[in-house]
Amino acid sequence: MNEHPSAELLLSATRGFDYLFCNDLDGAQKHFAGKDDPFHLLGQGVCAFMEAALGMESELLVEATRCLTLSEAGARRQQKAPKSRVNQRFPPGLEWEILNADAVVLLGLTSALSESYMGYLQCMYSLNSAHSKFTKLYKTVFPNGLDSYKTPAATPAPSRKPSVPSLRSVSTATTTTYTEVTETAVYTTPTKSFFARWTSSAATSTVSFQNPDEPMPPDGPVEEFIIAGTAFGFGLFNLVFSLLPKRVQSVVGFLGFKHDRKLALQALAVSATKNDVHSVFAGLVLMTYHGVVLLMSGYQADEQHILKQYRAIVDNIEARYPEGALWILNRAKILRMSHDAEGAIHVLRDGLRPDRKYTFAQADTLLVFELAWTLLGQRRYHEAAEMFIKITEINSWSHATYYFLAAGCYVSLGDTTRAQELLDAIPDLIDKRKINGKDLPTEVLIKKKLEFYKEKQKRRGGKEKEYAQAIKISIAEELAIFWNTHARIERRLALAHIREWSALSPPISTPPSSSTHSLPVPTPTTPSFPWSPRTPKGLSGFSRPGTPKDTHFAHSTSNIPLNGSVLGNPNNLPDLDTPDELALRSLLLGIAHRTAGDFDASRHFLKEACALNSSIAVSTWIGGVAMFELAVLELKVVEAKEREAAAVGSVGGLSGGGGLGAGLHDAVKRLTEWDRALKSAAKKLDAALALAPNSVDLSSRLDSRVSMLRDEIELKREKLGI
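Position 60 (the sequence shown) corresponds to 60 in UniProt numbering; numbering is contiguous.
Given below as structure tokens:
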């Protein structure tokens, strides 16, 4: 059998990507620079794009655009060139169509990174073009759908919004990394898929291109490229558009963009099983998606399945590129999402060790970023502050945000002097970072918070230039709400937070006691306070022998207003003297109590935060987030009951009596509880969006979280059959 005419160039370009995935960016760039064909030019463009995207290095966008434009033009010329027929599954020249579409997509994303109005328009134009290209490719490469292809992890289908039946493995007992999907192909044509609106204009044949008299050759590198590339592009479009905020979806829907998230994940999973370059990028997209769902949705209908899929993808790629920073990052994320934060910290520190053979600074930024948030979640504030500052040394994106987070860490440590130094630097950092005269969304919020605490310091009678003294709830912990940091911390850390926030004046309202999830009485380890705040049952103290110093009650007595004149509070105001701060405390207490397992107290504080929403002046985002957290709580309560019932059943077996009738009664009761909780959660999500219009800070982030949780609710209904 003759070798495919494009195979040599493709294999050479693949070796360049091998360097890139092993962190050897210099090696990759040198390899790609050795040839000027479209494959190698695309590689050069990808290197520049990844540097620009991961490191937010805008000066690299010009080089990325140059290389990608040349690659796109070269692939277009190859498409038009005459081609000889070879013994293969696909029509000749299809690889150039995929390469061209890849370049168009990356050109669009590069335009978007400029964060300019014209850049966004160019991005939409490019995506529109690539969208129709991948429609045509999908129909050609997968005329009978994707169901005969392998996907990662031998478990049921990806746990996302269903649009096709679940994928099932050949045997439920299999333990292999990849499983063959044997279900009947539902998508014989993609007329009901993501690209349905374009099928009339994408005139392609769905018949096989293989002569039935010729033997089917094994897939070579070009065939792998075609299959993996088509599945990747198709899946990427589906997934990206499904994750856009609803308000944006309504706009792009006008252009014909639809989405089918489950089909997207299936396509990406098919791509991820191959050995082509696209398979690595498909794996990266899937890792990112699974990580986002685990972190941000608040509740997962099948968390263990997501983790299993996530691990299988990471295992597969990490086995090929063990030193790659992006796979190390996702290994750490899996550990953190599995409640092993210390294991995640170990993996991240090992991935950042100074004796590594190759380093990729932009990818290292992601490791440091993840490490900083993980340390913050562990209440290791000094280490977290150091990592947030370190990010500014290797990354140019929003130094103001990282300084703000580091300042919050020092507030938690009681070092208001160091916190003030960092806060004082923020205004200049924001001015330097302005893009087209606009601040980033996080920086808009930060500027409001700085003015808020300056005004508070004036009310307290202190020096305005020392307004860090007025911050009583760490601004780092406040921003951590947007990253959902407190949802997966250990119970002991949630208790430490509860003690700290409950100790602030004025006293908290007394939440109801939970008979099922009440907290045990910890051992007191904190100083006495000049007031006697009411604390929830069982929160009078806390300790854990051998815990790092930072993980205990982090506020030192220097930041507790024992004497108003000492910390610039001669007017002797309470720690929290505005509805904004009281609502923030209630929101944080609601989240922390839920993490600690006290659902009644959690509901009490989250409702309290919602009730204060109309009185909030600056932090108008709190009401919508609190309502979202109430929706999560509805689901967590029933989930906990179900878990407890399962534990009791596994211990007692069938010896408890009751027979079939009792079992049926329990099943009906369970379905009724879930139906009520799912309906209640859905209503609360509607209310959350109503409380978060575009004028509210970071409302698009809440919009995306609502979308993810709605998908989980629908999946749970499907699993329960209700």
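A virtual CB, placed ideally from N, CA and C, is assigned to each residue, including glycine.
Please read all numbers here as calculations on a predicted model, not as lab measurements.
Close beta carbons around residue i, own chain, < 6 Å, minus the five adjacent residues each side
{"i": "G461", "result": "P570 and N571"}
{"i": "V632", "result": "G298 and Y299"}
{"i": "L127", "result": "G108"}
{"i": "L422", "result": "Y403, A406 and A407"}
{"i": "P221", "result": "A7, L10 and L11"}
{"i": "Q44", "result": "F32 and C67"}
{"i": "E634", "result": "A677, S680 and A681"}
{"i": "W674", "result": "V638 and L720"}
{"i": "R705", "result": "M296"}
{"i": "L589", "result": "W501 and F605"}
Same chain only: Cβ atoms within 8 Å of residue i, ignoring 5 sequence neighbours per side
{"i": "L587", "result": "I481, F605, L606, A609, I622, V625, A626 and E629"}
{"i": "D580", "result": "F452, I616, A617, V618, S619 and I622"}
{"i": "R491", "result": "T595, A596 and G597"}
Where residue i falls, given that 16 or more other Cβ within 10 Å makes a residue buried
{"i": "A647", "result": "exposed"}
{"i": "N694", "result": "exposed"}
{"i": "A617", "result": "exposed"}
{"i": "G721", "result": "exposed"}
{"i": "I394", "result": "exposed"}
{"i": "P427", "result": "exposed"}
{"i": "G34", "result": "exposed"}
{"i": "K716", "result": "buried"}
{"i": "V277", "result": "buried"}
{"i": "residue 797", "result": "The question about residue 797 has no answer, for the chain in this structure spans 1 to 722."}
{"i": "E51", "result": "buried"}
{"i": "H665", "result": "exposed"}
{"i": "D364", "result": "buried"}
{"i": "D302", "result": "buried"}
{"i": "residue 725", "result": "Residue numbering for the chain in the displayed model covers 1 to 722; residue 725 lies beyond these limits and cannot be assessed."}
{"i": "P190", "result": "For P190, the pLDDT reaches just 36, beneath the cut-off of 50, and the residue's location in the model is therefore unreliable, although a value from the coordinates is still provided. P190 is buried by the Cβ-count criterion."}
{"i": "A267", "result": "buried"}
{"i": "Q304", "result": "exposed"}
{"i": "H339", "result": "exposed"}
{"i": "G663", "result": "exposed"}
Span separating the alpha-carbon of residue i from that of residue j
{"i": "L99", "j": "A75", "result": "6 Å"}
{"i": "residue 791", "j": "R261", "result": "The structure shown does not extend to residue 791, since the chain is modelled only from 1 to 722, so the question has no answer here."}
{"i": "R15", "j": "Y321", "result": "12 Å"}
{"i": "L243", "j": "M708", "result": "8 Å"}
{"i": "D600", "j": "P511", "result": "7 Å"}
{"i": "A687", "j": "S614", "result": "14 Å"}
{"i": "L444", "j": "H131", "result": "For the sequence presented, residue 444 should be read as Val rather than Leu. The straight-line gap from Cα to Cα measures roughly 34 Å."}
{"i": "D703", "j": "A692", "result": "8 Å"}
{"i": "T485", "j": "S602", "result": "16 Å"}
{"i": "I508", "j": "A677", "result": "28 Å"}
{"i": "Q378", "j": "A53", "result": "29 Å"}
{"i": "C22", "j": "W397", "result": "24 Å"}
{"i": "residue 728", "j": "T416", "result": "Residue 728 cannot be examined here, being either before or after the span of the chain that is shown, 1 to 722."}
{"i": "A282", "j": "P574", "result": "53 Å"}
{"i": "K139", "j": "R380", "result": "52 Å"}
{"i": "F360", "j": "K679", "result": "47 Å"}
{"i": "P143", "j": "F90", "result": "12 Å"}
{"i": "L307", "j": "K333", "result": "10 Å"}
{"i": "L42", "j": "H4", "result": "20 Å"}
{"i": "A592", "j": "Y358", "result": "40 Å"}
{"i": "P441", "j": "W483", "result": "14 Å"}
{"i": "A312", "j": "E318", "result": "10 Å"}
{"i": "L504", "j": "D24", "result": "50 Å"}
{"i": "V280", "j": "G229", "result": "11 Å"}
{"i": "L20", "j": "E370", "result": "21 Å"}
Neighbourhood of residue i by C-beta distance below 7 Å, restricted to the same chain and skipping five residues each side
{"i": "L367", "result": "A325, I328, L329, L348, G351 and L352"}
{"i": "I475", "result": "F404, A407, G408, V411 and K449"}
{"i": "F39", "result": "L9, L10, A13 and L99"}
{"i": "A48", "result": "L60, E63, A64 and C67"}
{"i": "E712", "result": "S297, Y299, Q300 and A301"}
{"i": "R488", "result": "R336, M337 and H339"}
{"i": "N275", "result": "E224"}
Test: residue i CB closer than 9 Å to a CB of chain C
{"i": "Y310", "result": "Included in the structure is just one protein chain, with no chain C present."}
Task: Any 3 or more C-beta pairs closer than 8 Å across the region 590-601 and the region 496-503 - done: Short answer: they touch.
TODO: Could you tell me whether the region 285-292 touches the region 687-698, where touching means 3 or more Cβ pairs closer than 8 Å?
DONE: At 8 Å Cβ cutoff, the stretches do not touch.
Open item on the list: Does the region 632-651 come into contact with the region 668-681, if we say contact requires no fewer than three beta-carbon pairs (one atom in each stretch) closer than 8 Å?
Closed with: Contact holds: three or more Cβ-Cβ distances are below 8 Å.
Task: Meets three-Cβ-pair contact criterion under 8 Å: the region 449-458 and the region 386-403 - done: Touching, no, given that fewer than three Cβ pairs across the two stretches are closer than 8 Å.
Task: Touching by the beta-carbon criterion (3+ pairs, under 8 Å), the region 133-142 and the region 230-237 - done: Contact holds: three or more Cβ-Cβ distances are below 8 Å.
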